[in-house]
Amino acid sequence: MDKPVLDLAGVHAHYGEFHALRGVDLTLWRGEVIALIGPSGSGKSTLLRTANLLVTPTHGRISFEGREIVRENGAGRSEVLLRDHQLNEYRTRVGIVFQHFNLFPHLSVMENLVLAPTLVLGLDRDTATARAMELLKTVGLAEKADAMPGDLSGGQKQRVAIARSLAMEPEVMLLDEITSALDPETVGEVIRTMKLIAERHVAMLVATHEMDFAREVADRIVFMDEGRIVESGPPAQMLAEPQEPRTRLFLDRILRRATT
Amino acid sequence: MYEWNWQTIAEYLPFVARGIPMTLLVSFGAIAIGVILGVVIGLLRTMAWPAVQRALLWFVELFRNTPVLVQIVYFYYAVPLLLQTKIGPLQAGIVAIGLNTAAYISEIVRGGIVGVGRSQVDAARSLGLSKLDTMRKVILPQAARRMVAPTANMFVVVMKESALVSYIGVAEILHRGDVVQVQTFRPLEVYTMVAVLFLLLITGMTRLMAMVERRWTPVAE
Chain A
24 MDKPVLDLAG
34 VHAHYGEFHA
44 LRGVDLTLWR
54 GEVIALIGPS
64 GSGKSTLLRT
74 ANLLVTPTHG
84 RISFEGREIV
94 RENGAGRSEV
104 LLRDHQLNEY
114 RTRVGIVFQH
124 FNLFPHLSVM
134 ENLVLAPTLV
144 LGLDRDTATA
154 RAMELLKTVG
164 LAEKADAMPG
174 DLSGGQKQRV
184 AIARSLAMEP
194 EVMLLDEITS
204 ALDPETVGEV
214 IRTMKLIAER
224 HVAMLVATHE
234 MDFAREVADR
244 IVFMDEGRIV
254 ESGPPAQMLA
264 EPQEPRTRLF
274 LDRILRRATT
Chain B
1418 MYEWNWQTIA
1428 EYLPFVARGI
1438 PMTLLVSFGA
1448 IAIGVILGVV
1458 IGLLRTMAWP
1468 AVQRALLWFV
1478 ELFRNTPVLV
1488 QIVYFYYAVP
1498 LLLQTKIGPL
1508 QAGIVAIGLN
1518 TAAYISEIVR
1528 GGIVGVGRSQ
1538 VDAARSLGLS
1548 KLDTMRKVIL
1558 PQAARRMVAP
1568 TANMFVVVMK
1578 ESALVSYIGV
1588 AEILHRGDVV
1598 QVQTFRPLEV
1608 YTMVAVLFLL
1618 LITGMTRLMA
1628 MVERRWTPVA
1638 E
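In order, the protein sequences belong to chains A and B.
One gets the working numbering by counting positions in the first sequence from 1 and adding 23 to each.
One gets the working numbering by counting positions in the second sequence from 1 and adding 1417 to each.
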């Protein structure tokens, strides 16, 4: 964790009139795992989508590996400094996994994993297939290589989605509440997979309501509310003695729900 | 009481049935124009610059919101004056119905693409796929399956509309029926014959389309 890999400074984002991010400063270090917690609508998803530049910030700066990719112009508005192909390349290095999997339903599991490496990274099919097979083994789904997404359970789909993202060998993984749409009995298998990614020293920004994951795996917990970061710190401290009343209120609610 | 006369049918069926090739020519001519142009317009309406999209919306509205018969007459009588040329009734009919069909098919194509959903675009773009690759490899293969059923339905509509070209004298099934009716004054036999011929043609067509539809069903995640 010597160098910052992703650095956001004063980032604002809007959806039309809605002011979703209201000045976020966040540095993600190499290999660091950050658990992003907070109520629904607090801006966690928007923050992840902004980091991947699926959402373009209105104000603020973003750097990736020390290089500025979004800057502020004279009028204080954000400007993406990447051309189209550079933006595509950037996205291969900052992977995102979505709450609702977003697998390609017309392609087999294997094809889902091979598509982007062949098209974007320019790997030949055999190499891409071999790598995909390794990843499917890692997430425990080697025997599903030829299955169609529609035939998988929610947990299996999400593990495929994780493998698809890992196939690009990203430096950063953004996980957007990836267990929220799952049946309770399949949440465990996805969390185990998340831990495997953390062990690969891929930096992770994980929006989650899974406090056990946050406690066991995260290096830092960041609490967001109303488009801002309210508080952040190491899990032990954040969970045991949060400083801000809003953090305390949120944790009380979510931890009580988890134990009852 | 009107008495059914089999003799009329026996005598004139061959004459009326000789309109079948013309009906097929008008129908498939219009379908060909409609599919090719409709796909191009539908794609442009989701991807092109806003000004182009607006212009194409005008085209679609123009052809969807005026009667097909008016369009056919317009292409036969009015357009030749504008272009200072002659257009035969067959050409005018095929082009008019073809453009009308293109307007509808472009909406089927656009709807199919939009219906695939933002989340698939997000997934593809987040993996670094370019806009073009996203369209080619992710959106269109899924959208195509959604387009099959409404397009098949459109083909049936076109085959029925083809009878409208009888109005400008194209010798398809209905027009030949009209000719016989004027000579024989047997509307019941003549128009039953015409209706049954259309029924057979269009039922054959829907059977074929159903076979295609079974192979191309939409996939769910």
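Just so you know, even glycine gets a beta-carbon here, dropped at the ideal spot from N, CA and C.
What does the alpha-carbon distance come out to for the pair residue i and residue j?
| i | j | result |
| --- | --- | --- |
| Met1622/B | Ala1637/B | 28 Å |
| Gly1528/B | Leu31/A | 38 Å |
| Ser203/A | Ser63/A | 11 Å |
| Leu1614/B | Gln181/A | 55 Å |
| Val1597/B | Ile1437/B | 15 Å |
| Thr283/A | Pro1567/B | The pLDDT assigned to Thr283/A is 47, lower than 50, so where the model puts this residue is not dependable; a value taken from the coordinates is nonetheless given after this. Thr283/A and Pro1567/B: Cα-Cα distance of roughly 51 Å. |
| Arg1631/B | Gln1424/B | 43 Å |
| Phe1492/B | Gly1446/B | 15 Å |
| Ala1541/B | Ile1556/B | 9 Å |
| Leu164/A | Val78/A | 32 Å |
| Val240/A | Gly1534/B | 34 Å |
| Leu205/A | Gly178/A | 6 Å |
| Val245/A | Arg1471/B | 46 Å |
| Ala170/A | Ala263/A | 44 Å |
| Glu91/A | Val103/A | 9 Å |
| Glu1571/B | Ser1444/B | Here residue 1571/B is Met; the residue named in the question, Glu, does not match the sequence. Taking the straight line from one Cα to the other gives about 11 Å. |
| Gly256/A | Ile185/A | 27 Å |
Would residue i be called buried (16 or more neighbouring beta carbons within 10 Å of its own) or exposed?
| i | result |
| --- | --- |
| Glu200/A | buried |
| His224/A | exposed |
| His1592/B | buried |
| Phe87/A | buried |
| Ala1372/B | Shown here, chain B extends from 1418 to 1638; a query on residue 1372/B therefore has no answer. |
| Ile1522/B | buried |
| His108/A | exposed |
| Pro193/A | buried |
| Asp1550/B | buried |
| Met1418/B | exposed |
| Ile1453/B | exposed |
| Leu126/A | buried |
| Lys1503/B | exposed |
| Met1464/B | exposed |
| Arg1562/B | buried |
| Asp1595/B | buried |
What whole-angstrom Cβ distance do residue i and residue j have, given they're in contact under 8 Å?
| i | j | result |
| --- | --- | --- |
| Gly118/A | Met191/A | 6 Å |
| Met61/A | Asp248/A | Correcting the residue type first, residue 61/A is Gly in the shown sequence and not Met. Yes, they are in contact, since the Cβ atoms of Gly61/A and Asp248/A sit about 5 Å apart, within 8 Å. |
| Ser101/A | Gly83/A | 6 Å |
| Ile1458/B | Leu1473/B | 5 Å |
| Arg243/A | Glu55/A | 7 Å |
| Val1490/B | Glu1578/B | With a Cβ gap of about 13 Å, Val1490/B and Glu1578/B do not count as contacting. |
| Ile1590/B | Thr1440/B | 5 Å |
| Val137/A | Thr152/A | 6 Å |
| Gly1545/B | Ala139/A | 6 Å |
Could you tell me which chain B residues have their CB closer than 7 Å to the CB of residue i, listed as they occur along the chain?
| i | result |
| --- | --- |
| Val143/A | Leu1544, Gly1545 and Leu1546 |
| His123/A | Ser1536 |
| Ile119/A | Ser1543 |
| Glu112/A | Gly1545 |
| Ala139/A | Leu1544, Gly1545 and Leu1546 |
| Leu77/A | Asp1539, Arg1542 and Ser1543 |
Using the beta-carbon of each residue, which ones in chain A are nearer than 9 Å to residue i?
| i | result |
| --- | --- |
| Pro1558/B | Phe127, His129 and Leu130 |
| Val1555/B | Phe127, His129, Leu130 and Leu138 |
Output, in chain order, the set of chain B residues within a Cβ distance shorter than 8 Å of residue i.
| i | result |
| --- | --- |
| Thr17/A | The displayed coordinates of chain A run from 24 to 283. Any statement about residue 17/A would go beyond what the structure contains. |
Opposite residue i in the DSSP bridges: which residues?
| i | result |
| --- | --- |
| Arg251/A | Asp248/A |
| Tyr38/A | Phe41/A |
| Gly33/A | In DSSP, Gly33/A forms no bridge with anything. |
| Pro27/A | Trp52/A |
| Val1512/B | Bridge partners of Val1512/B: none, in fact. |
| His82/A | His35/A |
Who are the neighbours of residue i on chain B, taking C-beta pairs under 9 Å?
| i | result |
| --- | --- |
| Lys191/A | Correcting the residue type first, residue 191/A is Met in the shown sequence and not Lys. Here the neighbours are Leu1544 and Gly1545. |
Chain A partners of residue i, CB-CB under 7 Å?
| i | result |
| --- | --- |
| Asp1550/B | Leu142 |
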